[in-house]
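Worksheet: the structure to be examined is printed underneath.
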Ligand SMILES: NC(=O)c1ccc[n+]([C@@H]2O[C@H](COP(=O)([O-])OP(=O)(O)OC[C@H]3O[C@@H](n4cnc5c(N)ncnc54)[C@H](OP(=O)(O)O)[C@@H]3O)[C@@H](O)[C@H]2O)c1
């Protein structure tokens, strides 16, 4: 099958490219190859190549969205809209990756399901939600995949680099009062690949099982690396002490009722996935 992956040089885009390339004809489009905010370029790319499936992994990051809200709307809303419209015009399936930041995280306890009402707190969250809606309004053949705290090789975020810092004896700060579902990029992409052929167009929450804070995550990394006295290296901090530009939702573990309905078992626990990631990344 011909598959186009947009935003293909990022963490999730690279993993899709890697997992799909052996069995499919994959066109991996990095930002330099296709700027999704350019409506004409999007239509040209889609109509020239005519893929059966388009996967959009392009995004403007959380804090940058606060600094550049108009660019955030272009990348996270208009871009997905152009792609979904073009996909629909050639009868291709469409995948839009979205985020736990569509929720406010103000509920105490429990996991968010696809039936829960979104209420974003930041420009990033607002634009990710508006992106979902723009995609759904333009394509009847779309899968919206919400995920959270994605870790994997080559990404410079807390979850992907904590093990390297701790292994090198570098101190890290870890937030104790924000909780979510951590997700190994390999498991995320493998699950989406399982979902696609079922053709159940819907919104999904794809995350590893279990809940953690940044601090729990760091402690688990230290334990996997057999670091004695992790308190030497991991400084617990409250969210309010870190002056992020964008407000973070406090408690957004997610589970997927649609996956339950179609018989997909929850993904493995995040700790098992993390152990595999660290083993492979430290080889
Ligand atoms: N990583 C997470 O923890 C996480 C959590 C929840 C949801 N998600 C979702 O997962 C998806 C992928 O995230 P990711 O972590 O893989 O992000 P990433 O590593 O930052 O990759 C995003 C890619 O999008 C590209 N891009 C930015 N603007 C573009 C444009 N106008 N046209 C085309 N490409 C553009 C970027 O290229 P440049 O860098 O060259 O601009 C980058 O390669 C996003 O939808 C995100 O919302 C991620």
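Residue numbers (the numbering used here): 10 to 292. Glycine included, C-beta positions come from ideal geometry on N, C-alpha and C. The structure presented is a predicted model; accordingly, all values stated were derived computationally and were not measured.
What distance in whole Å lies between the Cβ atoms of residue 86 and residue 139, which are believed to be in contact at a cut-off of 8 Å?
5 Å
Contacting residues, own chain, Cβ-Cβ under 6 Å from residue 198 (five flanking each side not counted):
24, 25, 28
Cα-Cα separation, residue 149 to residue 181
Here the alpha carbon of residue 149 sits roughly 45 Å from the alpha carbon of residue 181.
Assuming the contact rule is C-beta atoms closer than 8 Å, residue 160 and residue 169 should be a hit. Round their C-beta distance to whole Å, please.
5 Å
DSSP three-state label for residue 11, please.
strand
Residue 99: which of 62, 89, 130, 209 sits nearest, CA to CA?
62
Is there contact between the region 126–138 and the region 74–89, where contact requires at least three CB pairs shorter than 8 Å?
yes
Assuming residue 81 and residue 55 make a contact with CB atoms under 8 Å, what is their CB distance in whole Å?
Actually they do not touch by this definition, with Cβ atoms about 23 Å apart.
Excluding the 5 residues flanking residue 116 on each side, which residues of the same chain have their C-beta closer than 7 Å to its C-beta?
260
Cβ shell of residue 257 (< 7 Å), same chain only, five flanking positions each side left out:
These residues qualify, in order along the chain: 187, 248.
Where residue 127 and residue 291 are concerned, what is the direct C-alpha to C-alpha distance, given to the nearest angstrom?
38 Å
Is it the case that the CB of residue 66 approaches a heavy atom of ligand 1 more closely than 7 Å?
yes
May I ask you to verify whether the region 235–255 touches the region 204–215, counting CB pairs closer than 8 Å and requiring at least 3?
The way I'd put it, the region 235–255 doesn't touch the region 204–215; fewer than three beta-carbon pairs between them come closer than 8 Å.
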